[in-house]
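A.B. asks: Line order of the protein sequences matches chains C and R. With numbering that gives the first Met the number 0 applied, the first sequence corresponds to residues 0 to 322, in that order. With numbering that gives the first Met the number 0 applied, the second sequence corresponds to residues 0 to 444, in that order. Just so you know, even glycine gets a beta-carbon here, dropped at the ideal spot from N, CA and C.
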Amino acid sequence: MANKLTVSLSPHVHGGDSIQRNMYGVLIALVPALLVSLYMFGLGALIVTLTSVAACLFFEWAITKFILKRGCSTLCDGSAAITGVLLAFNVPSNLPIWLIIIGALVAIGIGKMTFGGLGCNPFNPALVGRIFLLISFPVQMTTWPVAGQLLAYTDVNTAATPLALMQQGHLSDLPDTLSLFLGNNAGSLGEISALALLLGGAYLLWKKVITWHIPVSILATVFVFAGIMWMVDPAGYASPLVHLFTGGLMLGAIFMATDYVTSPMTHKGQIIYGVCIGFLTVLIRLFGAYPEGMSFAIFIMNAFTPLINTYCKPKRFGEVVKK
Amino acid sequence: MKTFKIGGVHPAENKLSAGKAIETLGLPKQAVFPLSQHIGAPATAIVKKGDVVKVGTKIAEAGGFVSAPIFSSVSGKVNKVDTVIDASGYRKPAIYIDVEGDEWEEGIDRSQDLVTTCNLTPEQIVAKIKDAGVVGMGGACFPCHVKLCPPHGAKAECVIINAVECEPYLTADHRLMLEKPEQILVGVSLLMKAAKVEKGYIGIENNKPDAIRLLTEKSKDYSNIEIVPLKVKYPQGGEKQLVDAVINRQVPAPPAIPVSVGAIVQNVGTAYAVYEAVMKGKPLFERVVTVTGHSLSNPSNFLTRMGTPMRQLIDAAGGMPEDTAKIIGGGPMMGKALMNAEVPICKGSSGVLLMNDKEARRAKEQPCIRCAKCVGACPMGLEPFLLATLSELKDWERIEKEDVMSCIECGSCQFTCPSHRYLLDYIRYGKTTVGGIIRARNAKK
Numbered sequence: 000m001a002n003k004l005t006v007s008l009s010p011h012v013h014g015g016d017s018i019q020r021n022m023y024g025v026l027i028a029l030v031p032a033l034l035v036s037l038y039m040f041g042l043g044a045l046i047v048t049l050t051s052v053a054a055c056l057f058f059e060w061a062i063t064k065f066i067l068k069r070g071c072s073t074l075c076d077g078s079a080a081i082t083g084v085l086l087a088f089n090v091p092s093n094l095p096i097w098l099i100i101i102g103a104l105v106a107i108g109i110g111k112m113t114f115g116g117l118g119c120n121p122f123n124p125a126l127v128g129r130i131f132l133l134i135s136f137p138v139q140m141t142t143w144p145v146a147g148q149l150l151a152y153t154d155v156n157t158a159a160t161p162l163a164l165m166q167q168g169h170l171s172d173l174p175d176t177l178s179l180f181l182g183n184n185a186g187s188l189g190e191i192s193a194l195a196l197l198l199g200g201a202y203l204l205w206k207k208v209i210t211w212h213i214p215v216s217i218l219a220t221v222f223v224f225a226g227i228m229w230m231v232d233p234a235g236y237a238s239p240l241v242h243l244f245t246g247g248l249m250l251g252a253i254f255m256a257t258d259y260v261t262s263p264m265t266h267k268g269q270i271i272y273g274v275c276i277g278f279l280t281v282l283i284r285l286f287g288a289y290p291e292g293m294s295f296a297i298f299i300m301n302a303f304t305p306l307i308n309t310y311c312k313p314k315r316f317g318e319v320v321k322k
Numbered sequence: 000m001k002t003f004k005i006g007g008v009h010p011a012e013n014k015l016s017a018g019k020a021i022e023t024l025g026l027p028k029q030a031v032f033p034l035s036q037h038i039g040a041p042a043t044a045i046v047k048k049g050d051v052v053k054v055g056t057k058i059a060e061a062g063g064f065v066s067a068p069i070f071s072s073v074s075g076k077v078n079k080v081d082t083v084i085d086a087s088g089y090r091k092p093a094i095y096i097d098v099e100g101d102e103w104e105e106g107i108d109r110s111q112d113l114v115t116t117c118n119l120t121p122e123q124i125v126a127k128i129k130d131a132g133v134v135g136m137g138g139a140c141f142p143c144h145v146k147l148c149p150p151h152g153a154k155a156e157c158v159i160i161n162a163v164e165c166e167p168y169l170t171a172d173h174r175l176m177l178e179k180p181e182q183i184l185v186g187v188s189l190l191m192k193a194a195k196v197e198k199g200y201i202g203i204e205n206n207k208p209d210a211i212r213l214l215t216e217k218s219k220d221y222s223n224i225e226i227v228p229l230k231v232k233y234p235q236g237g238e239k240q241l242v243d244a245v246i247n248r249q250v251p252a253p254p255a256i257p258v259s260v261g262a263i264v265q266n267v268g269t270a271y272a273v274y275e276a277v278m279k280g281k282p283l284f285e286r287v288v289t290v291t292g293h294s295l296s297n298p299s300n301f302l303t304r305m306g307t308p309m310r311q312l313i314d315a316a317g318g319m320p321e322d323t324a325k326i327i328g329g330g331p332m333m334g335k336a337l338m339n340a341e342v343p344i345c346k347g348s349s350g351v352l353l354m355n356d357k358e359a360r361r362a363k364e365q366p367c368i369r370c371a372k373c374v375g376a377c378p379m380g381l382e383p384f385l386l387a388t389l390s391e392l393k394d395w396e397r398i399e400k401e402d403v404m405s406c407i408e409c410g411s412c413q414f415t416c417p418s419h420r421y422l423l424d425y426i427r428y429g430k431t432t433v434g435g436i437i438r439a440r441n442a443k444k
């Protein structure tokens with residue numbers, strides 16, 4: 000034994016978890032939703048997703064290297080790729096390439112790297128990009144292609160989303176709940192199939208990438224709140240199942256709100272966060288100016304995460320509850 | 000199945016030496032006895048260069064109430080009273096004895112006969128334990144007799160024996176239970192008598208079904224000792240976690256101790272040492288040590304005399320592997336990396352673990368992604384990510400408010416961190432600093 004001994008503090012073993020494992024777990028979980036969008040929107044979905052991922056990776060690399068002047072250690076961890084996929088999933092499949100690139104720049108540049116990169120951003124980067132696009136380019140961001148035009152990209156027939164129909168009061172024109180669940184309706188390219196997203200969510204839970212607290216509390220709140228409104232006035236409001244399976248709710252609840260960096264640390268905090276997101280979403284959907292409120296709800300609650308973290312402490316071992 | 004409620008992790012068990020019976024290790028050429036082998040005041044040497052000692056001769060006297068005497072494990076001549084680098088990495092005063100023959104003190108019963116009858120009063124038992132230098136043998140080395148004398152106002156209701164051995168790799172306690180079950184049960188009843196309690200529990204993790212079976216069968220004669228199988232989860236061997244798991248009571252934050260909720264926790268090795276001290280008149284000078292590691296040709300459990308250099312155990316287990324890059328005294332979760340292989344076996348040495356170059360290397364730290372896995376893993380309900388950051392920022396006031404002193408340094412947070420952050424390094428730094436601040440503050444009062 001000629002070599003020197005390593006002397007370091009315990010623990011001397013590690014469980015083998017890594018950032019990569021978690022990030023690639025999320026990417027794998029997004030595959031079913033991607034397959035559905037390819038099946039529904041064909042070429043457009045492919046172009047938008049590839050452009051978005053490529054642009055996000057490029058901006059992550061360029062900003063790390065030329066502005067932050069660090070080694071590119073975070074490029075391969077999968078976090079920028081997730082931002083890319085989620086951004087693509089949150090836009091219509093006929094969005095022009097230049098708009099996607101702007102979205103990616105805002106998402107990675109302003110949403111993430113301005114704050115110091117991975118782990119430091121207060122808001123979900125993909126949401127920052129998405130909301131920026133929605134507010135700046137409302138026309139392009141709200142013309143939704145009709146599913147089934149596989150070889151078309153920007154030149155497609157468009158249709159209103161179920162949520163837009165709801166806002167305009169055309170409840171009778173809504174597709175039936177089963178096709179909403181499976182994904183046969185207009186919408187952003189990754190959000191249409193609740194089934195595919197739920198499959199991804201089950202995978203994340205199985206692999207212990209996320210816990211149930213955030214998704215379940217969001218979905219339950221939406222179901223209960225929308226259900227109360229529906230029972231009060233079935234003609235004026237859509238059924239709670241329609242609310243669950245339309246818009247960005249599933250995508251947001253399973254993949255966006257559960258983002259590690261921007262969600263609370265304790266289970267108690269996560270449930271408060273989830274309930275507030277669900278409540279705000281339904282509030283915006285039913286009474287707001289926009290047909291969909293998921294992005295805004297998550298965005299607003301991201302801002303409250305530090306506050307929730309300050310007040311929701313885990314229960315200390317042996318703590319005596321003060322009466 | 001019972002276990003503790005908050006947090007915990009599942010490290011790979013790697014109990015390589017579980018099937019190896021305890022072998023008696025040969026005598027060393029020279030034995031080295033550090034004077035602080037326990038928590039509390041160091042012992043004071045009562046021998047000097049040239050003195051002749053026997054096996055079982057007291058060579059250092061306890062330095063106070065929270066302290067323990069030290070006995071020679073060999074016969075021979077005192078070479079010098081000097082210093083040695085012990086498992087903590089610090090240089091400490093120590094007695095060096097050159098071994099000549101193997102002559103034992105009279106009064107030590109060396110037969111294997113089981114002695115079960117004891118007519119001593121509780122006070123006499125405590126005195127015997129104290130005079131035999133018995134300390135907690137799980138690693139923390141808290142003098143055994145101190146725990147048996149609860150502070151004013153606290154009343155003991157039960158003795159809980161820690162036979163969990165939740166550290167990966169270690170099998171010393173497991174083998175001891177398989178080979179000395181009757182002695183352990185006598186030891187437990189002695190501890191119960193000394194603490195004046197009616198109830199004893201032995202908590203054993205479910206990955207040792209043979210030990211659970213054997214002790215359950217043997218304990219039929221002891222109506223007041225209950226064997227409690229526990230779900231495998233680290234750090235179940237933590238005192239507070241064990242009390243929570245076995246009797247479902249939660250010890251409050253420091254300065255509260257297990258006896259504040261009525262429990263006295265002792266290691267299973269300690270129970271055996273108590274049996275030998277009280278029934279056989281044998282002071283604590285040898286113990287079972289696991290020598291293990293994936294590169295080692297013959298991982299083993301050795302009955303080892305204190306003061307034996309670790310190198311001798313490694314040689315007996317097949318020799319130091321070429322690729323050894325880290326030697327750990329204890330288990331991989333809480334053990335200490337050693338400076339060299341000459342560190343002597345002490346009262347708290349439960350194992351020697353060798354790691355190869357690949358196992359020894361720590362992964363590079365990456366940014367915290369706030370995944371909260373450390374919060375979920377912490378058995379004390381703390382927020383390790385926050386404590387580590389506060390420590391990095393040297394915000395001592397805030398880190399004290401965030402209960403850094405409750406940290407038991409089990410390492411679950413760092414074990415589970417996907418970013419491989421050195422959480423416990425920072426938390427220890429904070430804990431040590433805050434501990435100093437608290438002591439200074441109390442001194443002023």
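For arginine 129 of chain C, does the three-state DSSP call read helix, strand or coil?
C.D. replies: Arginine 129 of chain C: helix per DSSP, three-state reduction.
A.B. asks: For glutamate 102 of chain R, which residues from the same chain have a beta carbon less than 7 Å from its beta carbon, with the 5 sequence-adjacent residues on both sides left out?
C.D. replies: Contacts found: Lys53, Val54, Ser74.
A.B. asks: What residues in its chain sit with their C-beta under 6 Å from that of valine 351 of chain R, if we drop five residues either side in the sequence?
C.D. replies: Result list for valine 351 of chain R: Val290, Met309, Leu312, in chain order.
A.B. asks: What beta strand (DSSP E) runs, 3 residues minimum, are completely inside the stretch 194-278 of chain R?
C.D. replies: Qualifying beta strand (DSSP E) stretches, in chain order: 198-204, 224-229, 262-266.
A.B. asks: Considering just the uninterrupted stretch of the alpha helix (DSSP H) at methionine 165 of chain C, what are its terminal residues?
C.D. replies: Run containing methionine 165 of chain C: 161-166, per the alpha helix (DSSP H) assignment.
A.B. asks: Kindly list, in the order they appear in chain R, the residues whose Cβ is closer than 7 Å to that of tyrosine 202 of chain C.
C.D. replies: Ordered by position in chain R, no residue passes the 7 Å Cβ test against tyrosine 202 of chain C, which lies about 17 Å from the chain.
A.B. asks: CB-CB under 7 Å to phenylalanine 222 of chain C, same chain, minus the five flanking residues each way: which ones, in chain order?
C.D. replies: Excluding positions up to five away in sequence, the list reads Pro239, Leu243.
A.B. asks: Considering only residues of the same chain and omitting the five flanking positions on each side of isoleucine 5 of chain R, which have a CB-CB separation below 6 Å?
C.D. replies: Within the same chain, isoleucine 5 of chain R has close Cβ partners Pro378, Gly380.
A.B. asks: Between which two residues does the beta strand (DSSP E) harbouring glutamine 29 of chain R extend?
C.D. replies: Looking at the DSSP string, the run of the beta strand (DSSP E) that includes glutamine 29 of chain R is 29-33.
A.B. asks: How many Å lie between lysine 322 of chain C and isoleucine 101 of chain C at the Cα?
C.D. replies: With a pLDDT of 43 at lysine 322 of chain C, under the threshold of 50, the modelled position of that residue is not reliable, and the figure given next carries that caveat. Approximately 54 Å, taken between the alpha carbons.
A.B. asks: Residues of the stretch 216-241 of chain R with a CB closer than 9 Å to any CB of chain C: list them in chain order, please.
C.D. replies: Residues passing the 9 Å Cβ filter: Lys239, Gln240.
A.B. asks: Return the CA-CA distance between serine 355 of chain C and isoleucine 271 of chain C, expressed in angstroms with no decimal places.
C.D. replies: With chain C covering 0 to 322 only, the question about residue 355 of chain C has no answer from this structure.
A.B. asks: Would you kindly work out how many angstroms separate the C-alpha atoms of alanine 442 of chain R and cysteine 311 of chain C, rounded to a whole number?
C.D. replies: So the two alpha carbons sit approximately 34 Å from each other.
A.B. asks: Just to make sure I have the definition right: I need the residues of chain C whose C-beta is within less than 9 Å of the C-beta of lysine 335 of chain R. Which are they?
C.D. replies: Under the 9 Å cutoff, chain C gives Val6, Leu8, Ser9.
A.B. asks: Shorter than 8 Å from the beta carbon of lysine 206 of chain C to some beta carbon of chain R?
C.D. replies: False, the Cβ-Cβ gap to chain R never drops below 8 Å.
A.B. asks: Using the beta-carbon count (16 or more within 10 Å), is histidine 11 of chain C buried or exposed?
C.D. replies: Looking at its Cβ environment, which holds 16 or more other Cβ atoms inside 10 Å, histidine 11 of chain C is buried.
A.B. asks: Among R:Gly318, R:Met278, R:Tyr271, R:Gly137, which residue has its Cα nearest to the Cα of glutamine 235 of chain R?
C.D. replies: The shortest Cα separation from glutamine 235 of chain R among R:Gly318, R:Met278, R:Tyr271, R:Gly137 belongs to R:Gly137.
A.B. asks: Judging by CA-CA distance, which residue of R:Lys195, R:Thr170, R:Gly135 is the nearest neighbour of aspartate 209 of chain R?
C.D. replies: It is R:Thr170.
A.B. asks: Quick check: the Cα distance between proline 124 of chain C and alanine 225 of chain C, rounded to an integer number of angstroms?
C.D. replies: The straight-line gap from Cα to Cα measures roughly 28 Å.
A.B. asks: Please list, in chain order, the chain C residues whose beta carbon lies closer than 9 Å to that of serine 72 of chain R.
C.D. replies: Near serine 72 of chain R there are no residues of chain C at all, since even the closest Cβ is about 26 Å away, more than 9 Å.
A.B. asks: Under 8 Å Cβ-Cβ, which residues of chain C neighbour cysteine 370 of chain R?
C.D. replies: Here the neighbours are Asn21, Tyr259.
A.B. asks: Going by alpha carbons, who is nearest to threonine 5 of chain C out of R:Ala17, R:Ala340, R:Phe70, R:Arg248?
C.D. replies: When each option's Cα is compared against that of threonine 5 of chain C, the closest is R:Ala340.
A.B. asks: Assign tyrosine 95 of chain R to one of three DSSP states: helix, strand, or coil.
C.D. replies: DSSP places tyrosine 95 of chain R in strand when its eight states are reduced to three.
A.B. asks: Flag this pair as yes or no: are the beta carbons of proline 142 of chain R and glycine 306 of chain R separated by less than 8 Å?
C.D. replies: Against a cut-off of 8 Å, the Cβ pair of glycine 306 of chain R and proline 142 of chain R comes out as no contact.
A.B. asks: In the DSSP output, what is lysine 14 of chain R paired with across the bridge?
C.D. replies: Answer is none; lysine 14 of chain R lacks a bridge partner.
A.B. asks: Could you spell out where the alpha helix (DSSP H) holding isoleucine 456 of chain R opens and where it closes?
C.D. replies: Outside the displayed range of chain R (0 to 444) lies residue 456 of chain R, so it cannot be described from this structure.
A.B. asks: Starting from the C-beta of valine 242 of chain R, find all residues in its chain whose C-beta is less than 7 Å away, skip the five residues before and the five after it, and write them out in chain order.
C.D. replies: Around valine 242 of chain R: Ile159, Arg248, Val250, Pro257, Val260, Ala262, Val264.
A.B. asks: Step through the CB atoms of chain C and report whether any lies within less than 8 Å of the CB of valine 403 of chain R.
C.D. replies: By this cut-off, valine 403 of chain R is not an interface position.
A.B. asks: Arginine 427 of chain R versus chain C: which residues are under 8 Å apart at the beta carbon?
C.D. replies: Going along chain C in sequence order, the residues near arginine 427 of chain R (Cβ under 8 Å) are Leu8.
A.B. asks: When the Cα of tyrosine 202 of chain C is compared with those of C:Ile134, C:Val215, C:Pro31, C:Gly43, which residue comes out closest?
C.D. replies: Among C:Ile134, C:Val215, C:Pro31, C:Gly43, the Cα nearest to that of tyrosine 202 of chain C belongs to C:Pro31.
A.B. asks: Compute the Euclidean distance between the alpha carbons of proline 27 of chain R and methionine 278 of chain R, then round it to the nearest angstrom.
C.D. replies: The straight-line gap from Cα to Cα measures roughly 27 Å.
A.B. asks: Could you pull the start and end residues of the beta strand (DSSP E) that threonine 303 of chain R belongs to?
C.D. replies: Run containing threonine 303 of chain R: 299-304, per the beta strand (DSSP E) assignment.
A.B. asks: I'd like to confirm the pairing. Which residues does DSSP put opposite leucine 42 of chain C in its beta bridges?
C.D. replies: Partner(s): none; leucine 42 of chain C has no beta bridge.
A.B. asks: Would you mind stating whether lysine 129 of chain R and histidine 151 of chain R have Cβ atoms separated by less than 8 Å?
C.D. replies: No, the pair does not count as a contact, with Cβ atoms beyond the cut-off.
A.B. asks: Taking only the alpha-carbon atoms, compute the straight-line gap between glutamine 167 of chain C and aspartate 175 of chain C and give it to the nearest angstrom.
C.D. replies: About 17 Å.
A.B. asks: Could you have a look at methionine 354 of chain R and say whether DSSP puts it in helix, strand or coil?
C.D. replies: It is a strand residue.
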